[in-house]
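Participant: Residue numbers (our numbering): 89 to 170. Input: one structure, supplied below.
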Amino acid sequence: MTEENWVVAYRAAGMVNAQIILGRLETEGIPARLQYEAIGVISYSLDVDGLGEVKIFVPESFARQAKEILAQRFDEKDLSWE
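Right, here's the structure in full:
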């Protein structure tokens, strides 16, 4: 069995944002991996010419579904807080 190719589904500015995206994809059953170029301790919210950017990879067969999920936007009225 060969391992499937992984492709970039999203590029996040910082590790915190990437972890949120990763959690969203995993909640939907999509396997995901993170790859980042750290610029030190401040890399959590700083992106300098690609440094601090975190790439979220998914298997190629999940790429379309992942992008559709991440394109969804929610209004306050769509969320139930009760």
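Beta carbons are placed, not taken as given, at the ideal position from N, Cα and C, and that holds for glycine.
1. Give the DSSP-derived three-state secondary structure of Ala106 in the structure shown.
2. Spatial neighbours of Arg112 within its chain, please: CB distance less than 8 Å, with the 5 preceding and 5 following residues excluded, ordered by chain position.
3. Tell me the DSSP bridge mates of Leu122?
4. Under DSSP, the beta strand (DSSP E) around Gln152 begins and ends at which residues?
5. Could you pull the DSSP bridge partners for Arg99 from this structure?
Facilitator: In short:
1. helix
2. Ile157, Leu158
3. Ile144
4. Looking at the sequence shown, residue 152 is not Gln but Arg. Element bounds for Arg152: not the beta strand (DSSP E) but the alpha helix (DSSP H), 151-159.
5. Lys143
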